[in-house]
Each structure stands twice: as structure tokens, then as C-alpha cells.
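Visitor:
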């Protein structure tokens with residue numbers, strides 16, 4: 001086996017391999033292929049040879065990175081160590097490889113005691129281990145030696161094996177840092193795929209030169225194979241939906257390990273960006289312009305973060321991807337908030353608002369994501385994060401296949417005419433609105449093509465729309481994660497480099513929001529984009545900046561301890577309200593129980609809500625684009641819900657959704673008011689009908705009322721908890737919830753039992769990354785003091801579903 005490393009312009013080490021006929025005997029080389037340049041390679045039927053060769057390549061690539069090897073284009077790697085540490089690195093890599101749970105062979109241990117001085121030693125040991133594994137498999141399957149000489153059946157490599165091999169490049173400093181995993185990618189990879197990759201990893205035996213990155217038979221072709229093997233398209237989809245699996249974990253570890261190497265190798269930011277763009281394009285993760293745009297926006301920030309981070313690649317991926325990559329509660333990320341030494345008041349029971357009491361009517365607008373460049377009839381099925389623009393590719397051959405006039409279910413954001421239609425409809429259908437909560441995310445999803453000035457312009461135009469249609473209605477905004485450039489980047493105050501300062505955005509928000517908010521809010525808006533304001537005497541609204549819990553905010557990897565002292569300030573505000581007997585509503589963007597919220601921040605926020613459950617009457621968030629809720633349970637009473645977080649539907653149809661907004665009815669102004677949500681309504685526009693009929697006006701209608709649809713006597717936390725428990729047992733009731741969850745979208749995906757369990761667990765999880773704690777089974781009992789659904793006969797649920805289904 002020949003191993004060469006070549007140095008391409010601005011690219012890191014490129015490894016090419018040929019397993020020759022002389023090394024492995026004629027039985028491994030029955031399919032010989034000749035390339036146009038005269039070089040030969042063989043297509044192996046022996047799975048062990050292929051996997052061993054790939055394993056050696058992975059080891060050698062990582063070792064070359066760790067050892068900072070940069071040979072010239074014509075140099076061949078000397079099999080003897082080029083540095084004293086090279087043999088030790090080989091030894092450590094092979095030792096971990098031989099001890100891994102999936103490839104271990106106790107009867108034939110790897111010769112880890114003898115020195116390793118060549119790539120052949122690594123290859124031979126890897127080959128021996130995998131062949132031993134194959135022998136055990138064949139023995140179990142009772143495959144005779146004669147059968148093995150015939151065309152062998154296609155052997156599958158378990159994803160666990162692949163994950164353990166690939167993830168060895170996660171930390172370029174040691175080249176062998178790996179976490180043994182029990183949960184693995186359910187999609188196995190066939191050996192034939194790896195065989196095809198090896199057929200393309202060829203070396204010109206006559207010239208000794210490697211293939212160009214731009215050669216279709218060279219490295220770019222290999223990346224095309226890896227795209228299928230590692231399923232990077234699935235990684236992108238998981239990032240978009242925030243539903244992560246081990247596929248994203250594997251990709252994250254490999255990517256972070258490579259980034260660590262580049263940063264520590266002393267490369268310039270421009271060189272790192274160029275290499276990253278090449279990888280992004282060759283792995284077909286996005287189109288070239290998206291790869292270039294995203295990386296140019298992020299490269300300086302990512303390099304700055306990786307220079308200061310003390311976390312390992314495993315810990316970073318656990319924070320970014322979630323619990324599928326490991327626990328987010330690591331020693332470096334542990335911190336807690338301090339409460340004043342004042343005992344928590346006893347729980348008085350769920351308040352029962354008077355039926356004839358006055359009510360406040362509240363509008364929630366969330367996730368507008370309106371696109372000033374939306375073009376009806378344009379391509380709605382492009383290969384980029386956002387379509388429906390002139391730049392999204394050629395128009396479809398038939399007009400009805402293109403982007404709709406009022407929006408589209410595909411990856412398209414809100415047209416301006418849809419925004420104006422919604423505001424006009426609300427101003428006419430709901431002239432009695434008392435105040436508006438606006439929970440963030442204003443710019444479109446063209447995150448690769450955004451600038452400070454461009455986002456500021458979108459924010460100002462949206463503020464002007466609100467002012468035009470609701471000139472005399474109080475508006476309380478909250479900051480979304482898309483307002484910054486780059487997206488999700490919100491540097492805490494401790495970041496001293498002015499290049500990354502977020503003041504440009506916070507100062508703009510202070511100017512724009514000041515038309516609705518008192519001067520007392522200006523200081524905290526400038527410092528951290530959070531504030532408190534009185535809605536009326538005894539009724540306070542607190543707007544928090546949830547980007548300080550956003551696990552895509554890379555600055556938090558360096559230091560996530562209560563950025564901008566926001567939670568400390570929140571405790572002060574809530575304690576002041578408790579002393580004053582005030583009721584509080586909290587608004588924000590990212591729901592604290594969502595996977596995008598870091599576990600430590602979420603855990604501290606959860607404790608705050610538990611401590612002040614008698615003060616916090618309701619919470620309101622956005623971000624998910626769906627119509628849903630999250631419940632909070634005090635730790636001392638894990639089965640008694642204490643608070644509800646309402647997650648409002650998005651205006652944007654992005655994606656597979658109808659545009660919508662939410663109306664709340666809140667217990668109004670009287671002496672014993674609870675300020676709880678009495679009922680809520682979701683209003684939507686049906687894009688399917690509007691675009692199909694080419695309507696000149698968009699029709700908005702009430703999709704449902706929570707009390708009417710679910711037959712709830714009230715919307716207390718206890719009633720919502722009872723409803724969730726009922727949906728575990730009653731699929732028809734859940735299907736009704738799921739229809740509302742997707743805003744009655746005709747293109748929503750089906751939800752199987754696994755999906756149902758996940759969504760109901762989400763509804764019970766006001767604390768992120770705590771599913772095992774919050775979603776465990778509970779004893780069945782009736783809670784008669786709560787005024788919830790448990791007080792009524794369970795048969796009422798089926799009656800409710802029958803009534804709604806027939807309507």
C-alpha cells in the first residue's frame with residue numbers, strides 16, 4: 001500500500017492511497033481498472049482490505065495534522081518517523097483502535113507493545129483486527145470456506161464502527177480522542193460505497209504525483225462519496241429542524257477537530273476560509289455562493305472563539321448538537337444563579353378567573369422573516385437555504401410550479417404583500433387590541449448574504465409597518481436570533497474586540513423601540529437587549545434576550561456564565577414584583593425548553609420560574625414557527641405543573657406551514673385579577689387555496705380556540721398537563737393537536753408514534769436537554785384541586801374529537 005500526502009494551494013493535507021496487487025495477493029484484485037492517465041487501481045471484494053485501508057488513511061491524516069507535516073507536492077511520506085512523537089502517535093491510535101468495543105478481538109490482540117515505525121504496521125494491524133471480526137461473523141453465519149471463494153455477499157459495516165473510525169480525527173492535537181457511543185446512526189453504510197471510494201483514491205505509479213483537487217477522479221470525487229456515506233444533506237436538514245441525531249454528531253466532531261487543527265497550525269484566517277469553502281463545496285453541503293458567504297461571515301469569529309475556548313471537541317459538539325453527542329453539563333459550563341434569602345411563598349392553587357370579568361386582548365406576532373426580494377413565479381425548489389428569488393435559479397417551465405403570489409410552502413419566506421395583508425386584516429378584524437407582543441426574527445433566511453446595514457434596514461421597515469397599522473397600540477418587542485450578522489452572533493460584554501461588538505444592533509434597537517417604551521428601558525436595551533416595563537399598575541412585562549442561551553452563539557463556548565448578568569437582573573425584577581404584589585408576563589424568542597437553548601442557562605431559568613411561580617402569570621416565545629406550548633414543573637413537586645410558556649406560530653410559511661398569528665385573552669383589570677391567559681386563538685391564511693385560485697386578496701380566518709377545540713375548562717398549567725396526558729392515550733386527540741401545531745398545513749409530514757412521543761415530551765419540557773427527567777412515566781391519579789380536565793369523564797375527549805372532525 002502506497003500512501004502519499006500532497007499539499008495543494010491553500011489546502012491542508014490530501015491523502016491518496018493505492019493498495020497494490022503485490023501487497024495483498026491476486027484474490028483481492030479481480031477487478032482491475034485503468035484510468036485515462038495510465039494509472040491502475042483495483043476494486044477489492046474483500047471488505048477487510050477496504051476498511052483497513054480507509055482506517056489507515058484516517059489515522060495518517062490526523063497524525064499528519066497533529067505533527068504539522070506539510071510536504072511538498074512531489075514528496076512521498078517516509079515510512080520512518082519524521083519526528084520522535086510520530087511513532088508514539090501511531091502507537092496511541094492503534095491502541096485505541098484495538099481496544100474499541102466494536103473491533104476488539106481478545107483472542108488476537110493488536111501488538112501494541114511493539115514499536116510502530118511505518119504506515120504498513122498500522123495497516124497490517126487494522127487489517128488483522130477487521131479480518132478477525134469477519135471470521136467471527138462468518139462462523140456465526142456458518143459460512144463455509146468454499147462459499148467464501150465465490151462472489152461474497154455484500155458485508156455491512158455497522159454505523160458504530162464507522163463512527164468510531166471517523167471520529168478519530170475529531171481532535172487533531174491527539175489524533176485519537178474518541179468517545180465510545182451506544183446510540184448510533186441507524187443508517188448503515190455498505191462496503192460497496194467504501195470500495196467505490198477506494199477506486200477513486202488512486203496514485204499515478206509512474207509519475208508519483210497526486211490528482212488535482214479539481215480532477216473529477218481525484219479528491220473532489222472522494223468527497224462526493226463521503227457526502228453519501230456521512231449524509232451531509234441530512235446534517236443540514238437536522239440543523240434546520242433542530243432535531244439532531246448521531247449523524248450531526250459525527251459531522252460536528254470531524255469539523256471541529258479540523259478547525260482546531262487549522263487554528264493551531266498558524267494558518268491565516270483567509271487560508272482557513274479558503275480551505276473551509278473548498279470542503280463545503282466538495283462535500284456538497286451548500287452551493288458555492290452559500291458556502292463562500294457563510295464562511296466569510298463566520299471565519300473571524302470562529303477563529304477568535306477557538307483561540308479562547310477550553311472545551312474539547314466532544315464538549316463543543318455536545319453543546320451545539322445536543323444530548324445525542326453527550327451531556328451539556330460539563331465542568332467548564334457549570335454555573336448557577338443566586339437567589340435572595342427570602343422563602344418561596346406557598347402555592348395557593350391555580351387561580352380561577354371570573355367568567356364575567358374584564359379581559360385584555362393581546363396580539364402576538366412572531367417570526368415574520370419577510371423577504372423584500374421575494375419574486376412570485378420564481379424557483380421555489382432551489383438547493384439553498386432560501387428560495388423564491390430571481391437568483392434562485394431558472395424559473396419552472398409552468399407558472400403554477402413556481403413561487404406563489406402570497407408565499408410558498410417550500411423554502412421561501414414571507415412576501416411583503418402578505419405582511420401588509422396580515423396587518424391590514426388585523427387592524428380591521430381586531431380593532432380592540434390592548435397591546436402587542438412581538439417576539440422577534442425579522443430578516444429573511446438568506447443568512448449567507450446579510451450585512452449590518454441590510455438587517456438594520458429590514459428592522460426599520462418592519463417597525464414602520466407596525467407604527468403605520470397600529471399607531472396607538474403599545475408594542476413590546478423581544479430580540480430574535482436572526483437580527484444579528486452573522487446570524488446567532490451576540491457577543492457578550494466581555495468580548496473586548498470591537499470587531500465583534502454587538503453595540504451596532506443594540507443601539508439600533510434602542511432607537512427603534514423607544515417609540516413604544518419608557519426611558520427607564522434604554523440602559524438595559526443598550527447593554528443586553530432586555531428590559532422591563534409596566535403594562536398597567538400592578539402588571540409588569542419583562543422582555544428577555546434568549547440569545548444568551550442560544551447554543552449557536554459561538555461566544556458562549558468561551559464563557560456562558562450569565563451573559564450581561566441577564567438572569568441576575570431577572571431575579572431582581574421578579575423579587576421586586578413579588579414584594580409589590582405585581583403579576584408578570586415574560587416574553588422572549590427562543591423557548592427555554594427548546595434544544596437550541598443551552599442546558600445550564602435553561603436549568604437556571606427553570607429554577608427562577610419555579611421560585612417565582614406565584615408572580616409569573618404567563619410566558620410567551622416564538623422561534624420554532626409552530627403552534628405549541630412548554631410546561632414547567634417545580635423540582636420539589638415534579639408532577640405538578642407550575643407555569644405555561646406559549647409558543648406562538650410564525651408569520652413566515654418557512655417551511656411547509658401556513659402563515660399565522662396569535663390572539664390571547666388575558667384576565668383583565670380588576671382587584672383580584674390573576675393576569676393568566678383565559679383563552680387563545682390562532683388565526684391563519686391558507687396559502688394553498690390563495691395561490692391555487694390566484695386570489696387578489698388573502699383570506700385570514702380563525703383556525704381554532706384552545707378552550708373550544710380541546711374542551712378545556714380553563715388554560716391553567718394543570719389543564720394543559722391533563723390534556724398532554726390525554727394525548728398520550730388518545731391518538732385522535734393528538735392528531736387534532738398536530739393539525740393545529742402545523743397551522744393546518746396540507747403538506748405537513750405524517751407524525752408516527754415516535755414523532756408523537758417527541759412532540760408531547762417537548763410540551764412537557766420547559767427545561768432543555770432534560771427529556772429523561774421531565775418525560776418519565778408518572779403514576780395515574782386524579783388531581784381534583786386543579787380545575788383541569790381530570791375532573792371530567794375521560795370519554796369527553798372522544799366526543800370533542802368527533803365534534804371537531806365533523807365540523
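Residue numbers (the UniProt record's numbering): 1 to 807. Think of the CB as a built atom: it goes at the ideal place given N, C-alpha and C, for glycine as much as any other residue.
(1) Can you name the residues that DSSP bridges to residue 680?
(2) Could you spell out where the beta strand (DSSP E) holding residue 542 opens and where it closes?
(3) For residue 501, does the three-state DSSP call read helix, strand or coil?
(4) Can you tell me which of 419, 490, 497 puts its alpha carbon nearest to the alpha carbon of residue 468?
(5) Going by beta-carbon coordinates alone, are residue 649 and residue 662 separated by less than 8 Å?
(6) Taking the beta carbon of residue 307 as the centre, do at least 16 other beta carbons fall within 10 Å, making it buried, or is it exposed?
(7) Report the three-state DSSP secondary structure of residue 511 (helix, strand or coil).
(8) Would you call residue 364 buried or exposed, if buried means 16 or more other Cβ atoms sit within 10 Å of its Cβ?
(9) Look at the alpha carbon of residue 425 and the alpha carbon of residue 688, and state the distance between them as a whole number of angstroms.
(10) Counting pairs of beta carbons, one from the stretch 662-680 and one from the stretch 705-714, are three or more of them closer than 8 Å?
(11) So residue 361 and residue 665 are supposed to be a Cβ contact under 8 Å. How far apart are they, rounded?
(12) Sort 763, 431, 624, 668 by Cα distance to residue 481 and report the nearest one.
(13) With residue 585 as the anchor, note down where its alpha helix (DSSP H) starts and where it stops.
(14) Using the DSSP secondary-structure output, state which residues sit across from residue 361 in a beta bridge.
(15) Which residues in the same chain as residue 463 place their Cβ atom closer than 7 Å to its Cβ, once the five residues preceding and following it in sequence are excluded?
(16) Whole angstroms is fine: what's the gap from residue 178's alpha carbon to residue 266's?
(17) Helix, strand or coil for residue 812? Go by DSSP, reduced to three states.
(18) Among 273, 313, 314, 315, which one has its Cα closest to the Cα of residue 297?
(19) For a test of the three-state rule: what should DSSP assign to residue 618, helix, strand or coil?
(20) Under 8 Å between the Cβ atoms of residue 486 and residue 447?
(21) In terms of alpha-carbon separation, which member of 734, 684, 638, 682 lies closest to residue 765?
(22) Can you tell me which of the three DSSP states residue 339 falls into?
(23) To which residues does DSSP link residue 506 through a beta bridge?
(24) Drop a sphere of 10 angstroms on the beta-carbon of residue 580, count the other beta-carbons inside from all chains shown, and report buried for 16 or more, exposed for fewer.
(25) Contact between the stretch 550-560 and the stretch 586-597 is defined here as three or more beta-carbon pairs at a separation below 8 Å; is this criterion met?
(26) Assess contact between the stretch 324-340 and the stretch 513-526, defined as three or more Cβ pairs (one per stretch) separated by less than 8 Å. Is contact present?
(27) From 756, 720, 700, pick the residue whose C-alpha is nearest to that of residue 430; which is it?
(28) So, at 7 Å on beta carbons, what are the nonlocal neighbours of residue 398 in its own chain, with the 5 sequence-adjacent residues on each side left out?
(29) Return the first residue and the last residue of the beta strand (DSSP E) that residue 844 is part of.
(30) Drop a sphere of 10 angstroms on the beta-carbon of residue 611, count the other beta-carbons inside from all chains shown, and report buried for 16 or more, exposed for fewer.
(31) Which residues does DSSP list as the beta-bridge partners of residue 644?
(32) For a test of the three-state rule: what should DSSP assign to residue 459, helix, strand or coil?
(33) Judging by CA-CA distance, which residue of 568, 634, 392, 478 is the nearest neighbour of residue 542?
(34) So residue 323 and residue 769 are in contact, right, with Cβ under 8 Å, and what is the actual spacing, rounded?
(35) Is residue 199 buried or exposed, if buried means 16 or more other CB atoms sit within 10 Å of its CB?
(36) Please go through the stretch 662-748 and give each complete beta strand (DSSP E) segment of 3 or more residues, from N-terminal end onward.
Guide: The structure says:
(1) Here residue 680 refers to the residue found at position 680 when the chain shown is read from its first residue. Paired residue(s): 664.
(2) Position 542 of the chain shown, counted from the first residue, corresponds to residue 542. Residue 542 -> beta strand (DSSP E) spans 539-543.
(3) Taking the chain shown and counting its residues from 1, the one referred to as residue 501 is at position 501. Residue state, collapsed to three classes: coil.
(4) Position 468 of the chain shown, counted from the start, is the residue given in the question as residue 468. Nearest option by C-alpha distance: 419.
(5) Taking the first residue of the chain shown as 1, we reach residue 649 at position 649. Taking the first residue of the chain shown as 1, we reach residue 662 at position 662. It is a contact, given that the beta carbons lie within the stated cut-off.
(6) Residue mapping note: residue 307 aligns to position 307 of the chain shown, counting from 1. Residue 307 is exposed by the Cβ-count criterion.
(7) Here residue 511 corresponds to residue number 511 of the chain shown, with the count starting at 1. The answer is helix: DSSP assigns residue 511 an H, G or I state.
(8) By 1-based counting over the chain shown, the position of residue 364 is 364. Taking all protein chains shown into account, residue 364 has 16 or more neighbouring C-beta atoms within 10 Å of its C-beta and is therefore buried.
(9) Your numbering for residue 425 matches position 425 in the chain shown. Your numbering for residue 688 matches position 688 in the chain shown. For residue 425 and residue 688, the distance between alpha carbons rounds to 19 Å.
(10) With a cut-off of 8 Å, the stretch 705-714 and the stretch 662-680 count as touching, because enough Cβ pairs lie within range.
(11) As a working note, residue 361 is residue 361 in the chain shown. As a working note, residue 665 is residue 665 in the chain shown. A Cβ-Cβ distance of about 6 Å is found for the pair residue 361 and residue 665, placing them in contact under the 8 Å criterion.
(12) Sequence index remark: in the chain shown, residue 481 carries index 481 (1-based). It is 624 whose Cα lies nearest to the Cα of residue 481.
(13) Translated into positions along the chain shown, residue 585 becomes position 585. If you look at residue 585, you'll find it isn't in any alpha helix (DSSP H); it sits in the beta strand (DSSP E) that goes 583-587.
(14) For the purposes of this step, residue 361 is identified with residue 361 of the chain shown, where counting begins at 1. Per DSSP, 665.
(15) Translated into the one-based positions of the chain shown, residue 463 becomes position 463. Answer for residue 463: 512, listed in chain order.
(16) Locating residue 178 in the chain shown gives position 178, counting from the first residue. Locating residue 266 in the chain shown gives position 266, counting from the first residue. Any reading at residue 178 must be qualified, since the residue scores a pLDDT of 29, below 50, and its modelled position is unreliable; the value itself is stated next. Distance between the alpha carbons of residue 178 and residue 266: 25 Å.
(17) The requested residue 812 is not part of the displayed model; the chain covers only 1 to 807.
(18) Stepping through the chain shown from its first residue, residue 297 is reached at position 297. Of the listed residues, the one whose Cα sits closest to residue 297 is 273.
(19) Locating residue 618 in the chain shown gives position 618, counting from the first residue. Three-state DSSP puts residue 618 in a strand.
(20) For the purposes of this step, residue 486 is identified with residue 486 of the chain shown, where counting begins at 1. For the purposes of this step, residue 447 is identified with residue 447 of the chain shown, where counting begins at 1. Yes, they are a contact pair.
(21) As a position in the chain shown, residue 765 is number 765, starting the count at 1. For residue 765, the nearest C-alpha among the options comes from 638.
(22) Within the chain shown, the letter at position 339 stands for residue 339. Residue 339: coil per DSSP, three-state reduction.
(23) Here residue 506 refers to the residue found at position 506 when the chain shown is read from its first residue. Beta-bridge pairing links residue 506 to no other residue.
(24) Indexing the chain shown from 1 puts residue 580 at position 580. Exposure of residue 580 is indicated by the presence of fewer than 16 other C-beta atoms within 10 angstroms of its C-beta.
(25) The stretch 550-560 vs the stretch 586-597: in contact.
(26) By the Cβ test, the stretch 324-340 is not in contact with the stretch 513-526, since fewer than three Cβ pairs between them sit closer than 8 Å.
(27) For this step, residue 430 is matched to residue 430 along the chain shown. Nearest option by C-alpha distance: 700.
(28) Along the chain shown, read from residue 1 onward, the residue named residue 398 stands at position 398. Residues of the same chain with a CB within less than 7 Å of the CB of residue 398, apart from the 5 flanking positions on each side, do not exist.
(29) The requested residue 844 is not part of the displayed model; the chain covers only 1 to 807.
(30) Here residue 611 refers to the residue found at position 611 of the chain shown. Per the 10 Å Cβ criterion, buried.
(31) Mapped onto the chain shown, residue 644 falls at position 644. Paired residues: 631.
(32) On the chain shown, residue 459 is found 459 positions in, with the first residue counted as 1. Residue state, collapsed to three classes: helix.
(33) Against the chain shown, residue 542 aligns to sequence position 542. Cα-wise, what sits closest to residue 542 is 478.
(34) As a first step, residue 323 is located in the chain shown; it is residue number 323 there, counting from the start. As a first step, residue 769 is located in the chain shown; it is residue number 769 there, counting from the start. The beta carbons of residue 323 and residue 769 sit about 5 Å from each other, so the pair counts as a contact at 8 Å.
(35) For the purposes of this step, residue 199 is identified with residue 199 of the chain shown, where counting begins at 1. In this predicted model, residue 199 has a pLDDT of only 39, less than 50, meaning its place in the structure is not dependable; the value taken from the coordinates is given anyway. In the assembly as shown, residue 199 is a buried residue. Its beta-carbon has 16 or more other beta-carbons within 10 Å.
(36) As far as the stretch 662-748 is concerned, its whole beta strand (DSSP E) runs of at least 3 residues are 677-685, 700-705.
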